[in-house]
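In UniProt numbering, the protein residues as written are 1 to 391.
Right, dumping it as structure tokens:
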């Protein structure tokens with residue numbers, strides 16, 4: 001019987017080398033040109049035939065000995081973030097002001113590690129594994145998953161697997177969850193309209209700054225007074241801009257925010273709830289408003305059966321003590337679009353290691369991980385793909 005974890009550990013050098021190369025060349029959404037080049041070269045070197053989709057995305061198939069098995073896709077996201085890296089490491093970002101602060105370099109190298117193993121095991125499985133390298137996960141409303149699907153990334157795919165390194169779990173632990181896992185992530189743009197005037201004569205103006213303060217306060221009552229207390233829901237106003245001087249009441253205030261929900265029903269009700277509340281507050285103070293509600297990634301809903309299969313696979317691979325049920329997160333993830341098309345599951349790979357200093361969260365300038373866990377991720381992909389191809 002093949003020891004998949006041992007095979008993955010034998011590939012650690014190649015996996016880590018690729019991770020460090022990618023880490024040195026971070027590129028933001030839709031601009032992953034060097035990343036694309038690096039991945040294509042590595043895949044071609046092991047005899048694969050990568051195809052480019054969605055600008056900088058890649059798919060490449062590994063065919064088993066015989067036809068007849070299922071096709072399993074394993075996905076990695078490619079883009080980095082506009083963050084200046086503060087880690088003092090030999091493979092520090094060479095692109096000033098940009099960093100792989102969300103671990104996508106790790107995801108890409110783990111999928112590559114899986115490819116190295118599966119490529120050597122072709123004679124031992126029937127079916128096909130599709131490597132799916134996706135650009136622009138961080139984009140929000142214009143992510144790369146939908147274009148990849150539209151250009152055929154899921155054609156013929158029966159199952160899909162994804163994974164995210166996660167500093168909220170202990171190093172080397174796999175987190176799973178059946179059903180809703182990541183929240184729908186929508187963006188709101190609110191303009192509160194008033195009537196400008198002199199700061200000394202507010203009675204002759206309609207103050208949009210004061211009205212905006214009331215609007216923000218009122219919006220937060222949605223969670224405390226309208227939504228079931230047991231229903232996960234977040235609304236955050238993260239940007240407010242209005243006014244140019246200390247003694248001038250402006251004509252308008254512009255606000256940006258995010259709405260996060262874990263159920264389709266609640267999400268579908270949010271735009272009208274916001275309009276009702278904002279309309280009521282602004283009209284009470286003789287103001288007006290406009291609301292732009294931008295629908296982002298949907299709720300990521302893991303397939304029940306596939307998640308159970310993967311839970312059992314990982315327990316056999318790593319031991320039951322290395323598998324935990326994770327809580328839902330209010331973060332967004334466009335892997336959700338794949339799960340709307342084919343059954344699959346999205347997992348966490350824990351990175352938290354206080355002794356080694358790997359304690360910082362994703363999207364921070366000091367995020368990093370112990371590279372010895374990368375073969376674990378590769379082995380989970382391989383073991384999962386081998387099992388699902390037989391289903």
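Idealized CB from N, CA, C, for every residue including glycine.
Beta-carbon gap between residue i and residue j smaller than 8 Å
| i | j | result |
| --- | --- | --- |
| residue 283 | residue 255 | no |
| residue 262 | residue 183 | yes |
| residue 100 | residue 23 | yes |
| residue 74 | residue 16 | no |
| residue 349 | residue 165 | yes |
| residue 289 | residue 181 | no |
| residue 389 | residue 126 | yes |
| residue 156 | residue 244 | no |
| residue 5 | residue 239 | no |
| residue 103 | residue 84 | no |
| residue 385 | residue 116 | no |
| residue 341 | residue 154 | yes |
| residue 336 | residue 313 | no |
| residue 67 | residue 123 | no |
| residue 338 | residue 174 | no |
| residue 39 | residue 381 | no |
Cut-off 7 Å between Cβ atoms - residues of its own chain near residue i, not counting five sequence neighbours on either side
| i | result |
| --- | --- |
| residue 311 | 176, 323 |
| residue 286 | 206 |
| residue 392 | A question about residue 392 goes unanswered here, because the residues of the chain that appear run from 1 up to 391. |
| residue 252 | 191, 192, 193, 194, 208, 242 |
| residue 373 | 171, 172, 349, 351 |
| residue 325 | 176, 177 |
| residue 327 | none |
| residue 91 | 20, 23, 24 |
| residue 87 | 366, 368 |
| residue 32 | 56, 78, 79, 135 |
| residue 387 | 309, 313 |
Rounded Cβ spacing between residue i and residue j (contact assumed at less than 8 Å)
| i | j | result |
| --- | --- | --- |
| residue 208 | residue 192 | 4 Å |
| residue 352 | residue 120 | The pair is not a contact, with the Cβ atoms about 32 Å apart (cut-off 8 Å). |
| residue 343 | residue 133 | So it is not a contact: roughly 21 Å between Cβ atoms. |
| residue 62 | residue 48 | 7 Å |
| residue 273 | residue 226 | 7 Å |
| residue 105 | residue 29 | Contact doesn't hold; Cβ gap of about 15 Å is too wide. |
| residue 54 | residue 147 | 4 Å |
| residue 249 | residue 197 | 5 Å |
| residue 302 | residue 152 | Contact flag wrong, Cβ pair sits at about 24 Å. |
| residue 375 | residue 12 | 5 Å |
| residue 291 | residue 278 | 6 Å |
Beta-carbon contacts of residue i that lie in its chain and below 6 Å, excluding the five residues immediately before and after
| i | result |
| --- | --- |
| residue 334 | 137, 143, 145, 297 |
| residue 281 | 214, 215, 218 |
| residue 377 | 110, 163, 349 |
| residue 267 | 184, 261 |
| residue 41 | none |
| residue 318 | none |
| residue 237 | 216, 255, 257 |
| residue 307 | 176, 178, 345 |
Exposure label - residue i; buried when at least 16 CB within 10 Å
| i | result |
| --- | --- |
| residue 77 | buried |
| residue 52 | exposed |
| residue 19 | buried |
| residue 246 | exposed |
| residue 321 | exposed |
| residue 356 | exposed |
| residue 113 | buried |
| residue 50 | buried |
| residue 69 | buried |
| residue 93 | buried |
| residue 82 | exposed |
| residue 202 | exposed |
| residue 27 | buried |
| residue 204 | exposed |
Neighbourhood of residue i by C-beta distance below 8 Å, restricted to the same chain and skipping five residues each side
| i | result |
| --- | --- |
| residue 360 | 167, 366, 367, 368 |
| residue 294 | 141, 186, 187, 188, 189 |
| residue 210 | 285 |
| residue 229 | none |
| residue 220 | 235 |
| residue 305 | 343 |
| residue 358 | 167, 171, 351, 352, 368, 369, 370 |
| residue 363 | 81, 83, 101, 102 |
| residue 275 | 291 |
| residue 223 | 233, 234, 235 |
Any non-hydrogen atom of the ligand SAH within 7 Å of residue i CB
| i | result |
| --- | --- |
| residue 359 | Ligands displayed in this structure: none; no statement on the ligand SAH is therefore possible. |
query: Could you give the uninterrupted runs of the alpha helix (DSSP H) lying entirely in the region 45 to 74, keeping only those of 4 residues or more?
result: none
task: For the region 229 to 283, list the beta strand (DSSP E) runs that are entirely contained and at least 3 residues long, ordered along the chain.
output: Here the runs fully enclosed are 233 to 241, 252 to 261.
task: Would you list, in sequence order, the uninterrupted alpha helix (DSSP H) runs of no fewer than 4 residues that lie entirely inside the region 298 to 361?
output: Fully enclosed alpha helix (DSSP H) runs of 4 or longer: 304 to 318, 335 to 341.
message: What ranges does the beta strand (DSSP E) occupy inside the region 169 to 200, keeping only unbroken runs of at least 3 residues that lie completely in it?
response: The qualifying runs are 174 to 176, 179 to 182, 184 to 193.
- request: Return the chain-ordered ranges of every beta strand (DSSP E) run that is complete within the region 5 to 46 and spans a minimum of 3 residues.
  value: none
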